[in-house]
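Residue numbers (the working numbering), protein chains in the order written: chain A, 2 to 351; chain B, 2 to 351. Positions of the beta carbon are idealized from the N, C-alpha and C atoms, including for glycine.
2 protein chains.
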Amino acid sequence: MCDYCFESRVDLVENPPIKDFVGDVAEFLNMDDVRFTAGCRHAKWSVMHMACEPGDTVVLDALAHYTSYLAAEANRLKIVEVPHSGYPEFRIDAEDYARKFEEVERATGKPPALALLTHVDYRYGNLNDAEAVGKVCQDYDVPFLLNTAYSSGIMPVDGKKLHADFICGSGHKSWAASGPIGILATTYEWSGKVFERSTVRGNWSGRGFSKKEVAMFGCSPVFGAPIITLMASFPAVVERVKHWDEEVEKARYFVSQLEKIEGFHQMGMKPKQHTLMNFESLALHEVAEKDKRRGYFLYHELKKRKIVGLHPGMSKNFKINTYGLKPDQVKYVAGAFQDIAKSHGISVED
Amino acid sequence: MCDYCFESRVDLVENPPIKDFVGDVAEFLNMDDVRFTAGCRHAKWSVMHMACEPGDTVVLDALAHYTSYLAAEANRLKIVEVPHSGYPEFRIDAEDYARKFEEVERATGKPPALALLTHVDYRYGNLNDAEAVGKVCQDYDVPFLLNTAYSSGIMPVDGKKLHADFICGSGHKSWAASGPIGILATTYEWSGKVFERSTVRGNWSGRGFSKKEVAMFGCSPVFGAPIITLMASFPAVVERVKHWDEEVEKARYFVSQLEKIEGFHQMGMKPKQHTLMNFESLALHEVAEKDKRRGYFLYHELKKRKIVGLHPGMSKNFKINTYGLKPDQVKYVAGAFQDIAKSHGISVED
Chain A
2 MCDYCFESRV DLVENPPIKD FVGDVAEFLN MDDVRFTAGC RHAKWSVMHM ACEPGDTVVL
62 DALAHYTSYL AAEANRLKIV EVPHSGYPEF RIDAEDYARK FEEVERATGK PPALALLTHV
122 DYRYGNLNDA EAVGKVCQDY DVPFLLNTAY SSGIMPVDGK KLHADFICGS GHKSWAASGP
182 IGILATTYEW SGKVFERSTV RGNWSGRGFS KKEVAMFGCS PVFGAPIITL MASFPAVVER
242 VKHWDEEVEK ARYFVSQLEK IEGFHQMGMK PKQHTLMNFE SLALHEVAEK DKRRGYFLYH
302 ELKKRKIVGL HPGMSKNFKI NTYGLKPDQV KYVAGAFQDI AKSHGISVED
Chain B
2 MCDYCFESRV DLVENPPIKD FVGDVAEFLN MDDVRFTAGC RHAKWSVMHM ACEPGDTVVL
62 DALAHYTSYL AAEANRLKIV EVPHSGYPEF RIDAEDYARK FEEVERATGK PPALALLTHV
122 DYRYGNLNDA EAVGKVCQDY DVPFLLNTAY SSGIMPVDGK KLHADFICGS GHKSWAASGP
182 IGILATTYEW SGKVFERSTV RGNWSGRGFS KKEVAMFGCS PVFGAPIITL MASFPAVVER
242 VKHWDEEVEK ARYFVSQLEK IEGFHQMGMK PKQHTLMNFE SLALHEVAEK DKRRGYFLYH
302 ELKKRKIVGL HPGMSKNFKI NTYGLKPDQV KYVAGAFQDI AKSHGISVED
């Protein structure tokens, strides 16, 4: 990867054609410039590092991934949360961003330095209205970072349409890359600031590194498997986002089947607009309480049926994602849940 | 990797046994605690982020890797360089660290917040006297970060013996890992500070992430290929460092053969104590000036002889590393250089 590096940065390497790939990804997200980062968490840290000053305030949704909070913490920023609507929808209202912006301005004398929205939250798989939040940010002139860790790469994301100043994404979560890699996209307006180059000078040697980018640690540590697998998957990613509607259909079918089980309720907004979902399953929890495997019983019952991936130890509620399953497989998994329920005396509607 | 994560951090995962591996690597470096980072550059940034405050001064050798400078820049630290002795040795003198510490103290009223030494520099492959620098740091009570990107993993490194407070290393450079991954080792005394846990709280939700570590972005983005390949290589790494003397012998032999070529001089300290070396090759440069391939002629001549890896375009001086070559291969490569020289009218001693 680095053998033919003549421009001092991995994003500028022409053989393999990473430089072209940077442009392709920018176009795919309808943004102007892109870098690959050591995970989506690094992308968020980078934006907050370059676009904010210590002591500034960042406004974020209360279902943001922990790495959004940590990125702010590492940059010594204050956090103000936009509340969600609580059980059972956990909805984020775009208008609450406006309210929080005004509160921050009243309290600190200036608008927040950044607003962050989690496009699809990690817990309930709610698809938040990024365009509406983007519009509010535009109206209040607050830079807008959209975290697409669970959206870009599997569903269409159009940065300009969503009024995003920054988009971060996760290569190993939704772009079919192996090895941790993040994506950071921005606009022409922000590119120079976020990808600001090094100005440090050796006081004795005079050494300088004027092509290196500060927030990327000079040259982003993504060379090798992370970026190569991201590139290798990209054509498939571009193709698959066109079929997002079919994925959502399968998810809705799955919900309809699981909600036939007594005490099973899909959490979050309805109908599903994303394939990541969360079920409350109190009836299962009651079974688990009497089973010597406790919360692991669901994990083991599924494993017996060759279904793996559910977080072990969960029974009161659980997360599941139907993305990429064939219709038959979705049916099989839903049937397995019904079967487990029935065999433990939980009733299932016909 | 993350399926059986119950403790919220990749370094605590027990299946696969990453938690044990953390302990193994700490023992191997004779340090007390270890984390894996998004590259050695991230490890340096982490130390400077947690052990220093913005505005503090870090003292580093003038042949430090650019990522050492950038780590300081991203943390808004001042840089003071320890000069090297210049052409042809480029030697770093441990006593110059003491001088710089005193200069910093006179100028700022306090000692530097950190000293960094590049154990083996990237350019000449000089093995610096880490123990002597460590002793100076101890005497002046300045925390000591040793960058072992070109040493740990191929040669023995004993952190306690070298008086290191922090050791950073590079998995893909010297630990036979694929994919970018760094190593950060520290002492009991510093562990709590450098691996400080998150204290951020959601102002509305009350959410907290008290197991997550701030400088690791919560949980270090190394899951997957980076850490698995680092683990897979580790037994071989432990074994190979025992044979470092043989590697140094081969390097010295190689130098002796290349210095038979007119105008070839090994740069840096002599005799070689490391396998990374740099040759001045003015005679080749004169040939290149007349060759239509210019500086690329050496690259192509070597490639014809099935020797690859030399940075294309170099002829005035070049870097080469004999590490891991069998004696026959070292001989073959040295012979190839002599052959190229002869065939271009450069004289070679018998």
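Measure from the C-beta of residue i to each C-beta in chain B and report whether the shortest distance is under 7 Å.
| i | result |
| --- | --- |
| residue 63 (chain A) | yes |
| residue 149 (chain A) | no |
| residue 222 (chain A) | yes |
| residue 175 (chain A) | no |
| residue 213 (chain A) | yes |
| residue 323 (chain A) | no |
| residue 281 (chain A) | no |
| residue 68 (chain A) | yes |
| residue 210 (chain A) | yes |
| residue 96 (chain A) | no |
Would you mind reading off the limits of the alpha helix (DSSP H) that contains residue i?
| i | result |
| --- | --- |
| residue 247 (chain B) | 245-259 |
| residue 107 (chain A) | 95-109 |
| residue 41 (chain A) | 41-52 |
| residue 331 (chain A) | 328-344 |
| residue 131 (chain A) | 131-141 |
| residue 27 (chain B) | 19-29 |
| residue 71 (chain B) | 67-75 |
Would you decide whether residue i is buried or exposed? Buried here means 16 or more other CB atoms lie within 10 Å of its CB.
| i | result |
| --- | --- |
| residue 183 (chain B) | buried |
| residue 115 (chain B) | buried |
| residue 43 (chain B) | buried |
| residue 45 (chain A) | buried |
| residue 138 (chain A) | buried |
| residue 55 (chain A) | exposed |
| residue 170 (chain A) | buried |
| residue 352 (chain A) | Here chain A comprises residues numbered 2 to 351, so residue 352 (chain A) is not present and cannot be evaluated. |
| residue 237 (chain A) | exposed |
| residue 38 (chain A) | buried |
| residue 330 (chain A) | exposed |
| residue 111 (chain A) | exposed |
| residue 221 (chain B) | buried |
| residue 53 (chain A) | buried |
| residue 354 (chain A) | Beyond the ends of chain A as shown, which are 2 and 351, falls residue 354 (chain A); an answer cannot be given. |
| residue 181 (chain B) | buried |
| residue 213 (chain B) | buried |
Checking contacts by CB at 7 Å: is residue i closer than that to chain A?
| i | result |
| --- | --- |
| residue 201 (chain B) | yes |
| residue 205 (chain B) | yes |
| residue 218 (chain B) | yes |
| residue 22 (chain B) | no |
| residue 44 (chain B) | no |
| residue 231 (chain B) | no |
| residue 337 (chain B) | no |
| residue 90 (chain B) | no |
| residue 226 (chain B) | yes |
Where do the N-terminal and C-terminal ends of the beta strand (DSSP E) with residue i fall, by residue?
| i | result |
| --- | --- |
| residue 267 (chain B) | 265-267 |
| residue 228 (chain B) | No beta strand (DSSP E) contains residue 228 (chain B), which is instead part of the alpha helix (DSSP H) from 226-241. |
| residue 169 (chain B) | 167-171 |
| residue 163 (chain A) | Counting along the chain, residue 163 (chain A) falls outside any beta strand (DSSP E), and DSSP gives it neither H nor E. |
| residue 293 (chain A) | Residue 293 (chain A) -> no beta strand (DSSP E), and no H or E assigned at all. |
| residue 183 (chain A) | 183-187 |
| residue 79 (chain B) | 79-83 |
Could you pull the DSSP bridge partners for residue i from this structure?
| i | result |
| --- | --- |
| residue 280 (chain A) | A:267 and A:319 |
| residue 209 (chain B) | B:202 |
| residue 286 (chain B) | Answer by DSSP bridge pairing: none, since residue 286 (chain B) is not bridged. |
| residue 298 (chain B) | Bridge partners of residue 298 (chain B): none, in fact. |
| residue 311 (chain A) | Answer by DSSP bridge pairing: none, since residue 311 (chain A) is not bridged. |
| residue 178 (chain B) | Answer is none; residue 178 (chain B) lacks a bridge partner. |
| residue 37 (chain B) | B:184 |
| residue 117 (chain A) | A:61 and A:146 |
| residue 128 (chain A) | A:121 |
Q. Using 8 Å as the threshold, is the stretch 97-110 of chain A in touch with the stretch 124-138 of chain A, meaning 3 or more CB pairs across them?
A. Short answer: they touch.
Three Cβ pairs or more, each shorter than 8 Å: is that satisfied between the stretch 11-26 of chain A and the stretch 216-230 of chain A? The answer is yes - the stretch 216-230 of chain A touches the stretch 11-26 of chain A, with three or more Cβ pairs under 8 Å.
>> With three or more beta-carbon pairs closer than 8 Å as the criterion, would you say the stretch 136-152 of chain A touches the stretch 5-14 of chain A?
In response: Contact annotation: the stretch 136-152 of chain A does not touch the stretch 5-14 of chain A, with fewer than three C-beta pairs closer than 8 Å.
Within 8 Å, do at least three Cβ pairs link the stretch 270-290 of chain A to the stretch 309-321 of chain A?
Contact between the stretch 309-321 of chain A and the stretch 270-290 of chain A is present, because at least three Cβ pairs lie under 8 Å.
For this session: May I ask you to verify whether the stretch 189-205 of chain A touches the stretch 74-81 of chain A, counting CB pairs closer than 8 Å and requiring at least 3?
Result: No, they do not touch.
message = Contact between the stretch 295-312 of chain B and the stretch 254-270 of chain B is defined here as three or more beta-carbon pairs at a separation below 8 Å; is this criterion met?
response = In short, these stretches do not touch, since the Cβ pair count stays below three.
Under 8 Å: do the stretch 159-170 of chain B and the stretch 248-257 of chain B share three or more Cβ pairs, one atom per stretch?
With a cut-off of 8 Å, the stretch 248-257 of chain B and the stretch 159-170 of chain B do not count as touching, because too few Cβ pairs lie within range.
Fill in: Cβ contact (3+ pairs, closer than 8 Å) linking the stretch 201-208 of chain B and the stretch 66-73 of chain A
These segments touch.
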